[in-house]
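Numbering (my numbering), first residue to last: 15 to 215. For every residue, glycine included, the Cβ atom is placed at its ideal position computed from N, Cα and C.
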Ligand code: GRF
């Protein structure tokens, strides 16, 4: 498609990066409305970093333990994102709480994927909790990031059935397959509708 200006998205990870990879792969399509300009991890040993580098994406490790407090870590993260010209921040298994100031600066431009049908099962161990409750449906949610954890406006959801004999692993795999489809679609929606070119400073 000629004339498409791809919006610049940075992906934040802490681990294996399978969702990140689904975003990188989707963004390779010429008509996808976003490009992945950087992958940043708060852990230097995150497997996702080498997967991103192998895909030719700029990577950075920002070790949170090297900073005296959350605001100083977030300030450096913000600087790095802007240095990459990021317009959108995608949290893909990023296991750090972000400060209110950082969240406000990127509000409307920062999305997260959570492995449950929010508002059910905020927080950790979502598959275990869904099974323990005898839920018949489970799934994943892409939402805007706000100061309160897993609570921002919902952009998209995908449901999967809970099947007899499911374990957290089998259910988690079924949910993850949906995450890999939902997240690229949700990022594309945001990129197409994002107002303005620059995040607030
Ligand atoms: C996914 O389950 C995602 O929903 C959650 O963290 C996990 C990240 O997995 N936020 P991966 O690193 O993308 O493989």
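Straight-line gap, residue 15 to residue 72 (C-alpha atoms, nearest Å): Residue 15 sits at position 1 when you count from the first residue of the chain shown. Residue 72 sits at position 58 when you count from the first residue of the chain shown. In this prediction, residue 15 has a pLDDT of 47, which is less than 50 and means its spatial position is unreliable; nothing more can be read from the coordinates.
Going by other Cβ atoms of all chains shown within 10 Å of its Cβ, with 16 needed for buried, is residue 139 buried or exposed? Residue 139 sits at position 125 when you count from the first residue of the chain shown. Its Cβ having fewer than 16 others within 10 Å, residue 139 is exposed.
Between 170, 162 and 39, which lies nearest to residue 116 when the distance is taken from Cα to Cα? For the purposes of this step, residue 116 is taken as the residue at position 102 of the chain shown. Among 170, 162 and 39, the Cα nearest to that of residue 116 is on 162.
Proximal residues to residue 171 (C-beta, below 8 Å), its chain only, five neighbours per side dropped: Position 157 of the chain shown, counted from the start, is the residue given in the question as residue 171. Contacts found: 131, 132, 153, 154, 155, 156 and 196.
Assuming residue 49 is part of the beta strand (DSSP E), what are its boundary residues? Numbered from its first residue, the chain shown carries residue 49 at position 35. Residues 48-55.
Relative to the C-alpha of residue 159, which residue among 144, 113, 95 and 77 is closest? Locating residue 159 in the chain shown gives position 145, counting from the first residue. The candidate whose alpha carbon is nearest that of residue 159 is 113.
Let me know the secondary structure DSSP gives residue 218 once reduced to three states. Past the boundaries of the shown model lies residue 218; the chain is included only from 15 to 215, so the question cannot be answered.
Give me the Cβ distance between residue 23 and residue 49, rounded to the nearest whole Å; I'm assuming they're in contact under 8 Å. For the purposes of this step, residue 23 is taken as residue 9 along the chain shown, with counting starting at 1. For the purposes of this step, residue 49 is taken as residue 35 along the chain shown, with counting starting at 1. Contact flag correct, Cβ pair sits at about 7 Å.
Among 122, 181 and 164, which has the Cα closest to the Cα of residue 145? As a first step, residue 145 must be located in the chain shown, where it is residue number 131. Taking only the C-alpha atoms, the option nearest residue 145 is 181.
Please list the terminal residues of the continuous alpha helix (DSSP H) segment that includes residue 138. Here residue 138 is taken as the residue at index 124 of the chain shown, counted from 1. From DSSP, residue 138 is part of no alpha helix (DSSP H); its letter is neither H nor E.
Status (buried if at least 16 other CB within 10 Å, exposed otherwise) for residue 88: Your numbering for residue 88 matches position 74 in the chain shown. Per the 10 Å Cβ criterion, buried.
Please name the residue in 206, 210 and 191 whose C-alpha comes closest to that of residue 33. If you number the chain shown from 1, residue 33 lands on position 19. Checking every option, the nearest Cα to that of residue 33 belongs to 191.
Taking residue 70 as part of the beta strand (DSSP E), name the residues at either end of that continuous run. What you label residue 70 is simply residue 56 of the chain shown in a count that begins at 1. Neither: residue 70 is in no beta strand (DSSP E) and is coded neither H nor E.
Can the beta-carbon of residue 100 be found closer than 8 Å to that of residue 51? As a working note, residue 100 is residue 86 in the chain shown. As a working note, residue 51 is residue 37 in the chain shown. For residue 100 and residue 51, yes; Cβs fall inside 8 Å.
In terms of residue numbering, what span does the alpha helix (DSSP H) encompassing residue 115 cover? Counting from one through the chain shown, the residue named residue 115 turns up at place 101. Its alpha helix (DSSP H) spans residues 114-119.
I want to check one thing, is the minimum distance from the CB of residue 93 to the heavy atoms of ligand 1 below 7 Å? Numbered from its first residue, the chain shown carries residue 93 at position 79. Outside the cutoff, so no.
Residue from 79, 42 and 78 with nearest C-alpha to residue 66: Here residue 66 refers to the residue found at position 52 of the chain shown. Closest by alpha carbon: 42.
Please state the DSSP three-state secondary structure of residue 15. On the chain shown, position 1 is the one that residue 15 refers to. Any reading at residue 15 must be qualified, since the residue scores a pLDDT of 47, below 50, and its modelled position is unreliable; no value is offered.
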